[in-house]
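First comes the structure, then the notes that go with it.
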Ligand code: B3K
Ligand code: ZN
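In full-length UniProt numbering, the protein residues as written are 4 to 881.
Structure below.
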């Protein structure tokens, strides 16, 4: 397979003025009739009246007929290949009709039209529409669509597509039809169709200009009691986008459909969002608080795409972050407004620094705007989404609230109905603010995580504090030279009594906090009027997606953890202190000393947190969580999974031993009172309580055991049930864990989303017997390799979160993952290419593990590979 390059972009030769589709639905033989009104773009015409060839994409299609302006073409009047249909010598304006037959029931890739739990649904982004019909499948070809869906009335009473329903009726043979019209220009990747036996949760929303919009969430009948949270979140998103971005919804109806088999989280099809059921269904018996928050965030994300993605779409797939980075920034801001803003920031940064930084340091590292790809599905990455969002966040912070809003208004006004580029976005921001973004654009072109080394010198006689910042970015595949970036460093100088000092820089008073703009490889900033040595608080709020190094003493970290005026940095300094203490224990483990003691300063910090003033509970729960194994691993030159696991477990146990009474008290202080509600105040209490329980269970404390069993039995809500069950199953007490698992499965075998959790709980068990359990569970009737949620819950969770067992030194964990990748490569290449990720990071491990991992990658390489897996394996082994 060959790579596609951004530099080769060419505008389309033909435009589609109108698209008319008719689907005659049958699971194994659906007929699609497509009528396209085509017009040759004037610049593309060859000579005076000859038109360039019309090249349409099409894959896995059986062509029945092609006609042009009503005349059926003979087979020598067009060219057909496995991927294209080409027609020559067409009139500059014409009507093309194609009739194809497709097999949705056999479509396990879940791209195009497929069948999930007996219903038809679609996933067209990025290039799935070409599996439905012949079409110029590229985002810069936009048209209006009219779609007629015909199906058996008994099996498919509900027939949905984009836009508004304009006609419906009965047909012979027990069939019926509905015709939908979408008046908005859209590329084919936003097309959607759903047909099934579904029921709806209906509501409505009145927009800021007073229009009524019907809201409908369509689900299988048994899930109707799980739609309230999504509906509440949808209405809140619609209101928020009006208030914060001035964006109003633009159709009379907005629909969401829940689907069980779905590759990603959800899809923003115009007026008809299709969701992975895991991102829309939630009630307190079946979903954890984290799942509730995910539903809220994903509903918002997809809704926000109506403007950032649909009204303004992408010119080509290299611009993917134009819609994804911006929309993630919008959904993160929304969730921050709905919940605890500091906790949202902490969670997002923690994810970025573990998963995205690892991607940026690995073999598939790519810029936020890649220069080339082999398979675009492989580029729906943390870099495009999360780092892309960080880049937009820097733009927003550099401009300030008002100018950023002016810029976004201008961007939407200038590009409405267009397929835009990242330059269009940045130029609107620049025009609205007068700021030059020339150097800033490097953030879009340069891969890798910049490192900023900071150092400070206090001069008592001159009363100055000089802060020096140096930036470097390590080479990434195909990009050796890195240029300096614009790095905004929000900072303050903290005095010994814990206050922010007034900042004076080159004679200018900046207040108590400032944003330094690092634009060169090295810069120094001299603050004057400083009487005593301060402690710098740097990169507040994580103001840029970089690794910041400063040689803090542990005393300074403990001090900032208590006194920094920035909530994010209080958490960050606590994490740095914990990391230092964990590294001590790792070193002890590596020299065979298992009696080592945890640094007293971390114990003291925890005591301060547990006994101090009751602050924001949600933040406290984050502060009481030690850095994850994945994050610790990111900080090591060579990852030692066993040392990391032992150190973290030992630290937890020692904290629990010393602070046992405090943890018991914390548990009881946060027990549930009254009715469950998915409010962030209640969620904060639950996470604090369950954090306390997790420490107590870390020493298998008698009282902890009792509390866990009681919490499981009380079954107030899934957050508490899952926390207690997980702790019991992960303990050494299999006589408690096993029966609890069995009872749970009996109660929930009918609910796939709950069974996903049942799988995940078991495969994260730290004991060495877990690998047999994974193989055993792959044969469980509730497991299926064709359901992406199951693959993620069982295989993805094992390989990603059970690090000691996945990286077993006998290579059995690697072998298991490779076996699954080989099977999925045939069934669902997109999921295969995602699930393989942990194997591709072999360079981070010792020589023995590297060799084992490479052996498995080479075994995969010997298969007949999909483009998706081919690209990832080749890059990993390059
Ligand atoms: N835009 C979709 C992603 C589709 C990915 C297809 N491989 C979901 C989202 O970002 O909202
Ligand atoms: Zn998105």
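We put the CB at the ideal spot given by N, CA and C, even for glycine.
| Item | Value |
| --- | --- |
| Counting Cβ pairs closer than 8 Å, one from the segment 207-224 and one from the segment 167-186, do we hit at least three? | no |
| Near the ligand ZN, which residues have their beta-carbon less than 6 Å from any of its heavy atoms, given in chain order? | 304, 308, 327, 330 |
| Tell me where the beta strand (DSSP E) around residue 124 begins and ends. | 122-126 |
| Contact between the segment 212-230 and the segment 253-270: three or more CB pairs below 8 Å? | yes |
| For residue 125 versus residue 36, is the C-beta spacing smaller than 9 Å? | no |
| For the alpha helix (DSSP H) containing residue 878, name the first residue and the last one. | 870-880 |
| Just to confirm the assignment, what range does the alpha helix (DSSP H) spanning residue 341 have? | 323-341 |
| What is the rounded straight-line gap between the Cα of residue 868 and the Cα of residue 6? | 16 Å |
| CB of residue 388 to nearest heavy atom of the ligand B3K: below 8 Å? | yes |
| Tell me which residue opens and which closes the alpha helix (DSSP H) that residue 235 is part of. | 231-248 |
| When you measure from the CB of residue 281 to every non-hydrogen atom of the ligand B3K, does any distance come out below 8 Å? | no |
| Please report the Cβ distance between residue 184 and residue 136, rounded to the nearest whole angstrom; I am assuming they are in contact, meaning their Cβ atoms lie under 8 Å. | Not really, about 18 Å apart at Cβ, beyond 8 Å. |
| Looking only at its chain, what residues have a beta carbon closer than 6 Å to the beta carbon of residue 472, apart from the 5 residues adjacent to it on each side? | 455, 457, 521, 526 |
| Beta carbon of residue 193, beta carbon of residue 128: below 9 Å? | yes |
| Residue range of the alpha helix (DSSP H) that residue 687 falls in? | 683-701 |
| On the three-state DSSP scale, how would you describe residue 572? | helix |
| List the DSSP bridge partners of residue 100. | 38, 70 |
| To the nearest angstrom, report how far apart residue 326 and residue 437 are at their CA atoms. | 23 Å |
| Please state the DSSP three-state secondary structure of residue 376. | strand |
| Would you check if the distance between the CB atom of residue 683 and the CB atom of residue 621 is smaller than 9 Å? | yes |
| How many Å lie between residue 229 and residue 365 at the Cα? | 39 Å |
| Sorry if obvious, but does the Cβ on residue 269 come closer than 8 Å to a heavy atom of the ligand NAP? | Among the ligands present in this structure, namely the ligand B3K and the ligand ZN, the ligand NAP is not found. |
| Check for me: the alpha helix (DSSP H) holding residue 293 runs from which residue to which? | 292-307 |
| Excluding five sequence neighbours on each side, which residues of the same chain lie with their C-beta closer than 6 Å to the C-beta of residue 835? | 824, 827, 828, 872 |
| With a threshold of 8 Å (Cβ to nearest heavy atom), would residue 126 be considered close to the ligand B3K? | yes |
| Quick one, are the C-beta atoms of residue 28 and residue 153 less than 9 Å apart? | yes |
| Okay, do the segment 543-555 and the segment 345-358 touch, 3+ Cβ pairs below 8 Å being the bar? | yes |
| Have a look at residue 794 and residue 841 and give me their C-alpha separation to the nearest angstrom. | 14 Å |
| Hey, how far is the Cα of residue 536 from the Cα of residue 528? | 15 Å |
| Using a threshold of 8 Å, is the CB atom of residue 312 nearer than that to any non-hydrogen atom of the ligand B3K? | yes |
| Rounding to the nearest angstrom, what Cα-Cα distance links residue 724 and residue 718 in this structure? | 6 Å |
| Pick out whichever of 274, 574, 775, 709 has its Cα sitting closest to the Cα of residue 808. | 775 |
| Which of the three DSSP states is assigned to residue 7 in this structure? | strand |
| How would you label residue 865, buried or exposed, when you count the other beta carbons within 10 angstroms and need 16 or more for buried? | exposed |
| Within 10 angstroms of its Cβ, does residue 778 collect 16 or more other Cβ (buried), or is it exposed? | exposed |
| Please go through the same chain and pick out, in chain order, the residues whose beta-carbon is closer than 7 Å to the beta-carbon of residue 581, but skip the five residues on each side of it. | 605, 629, 630 |
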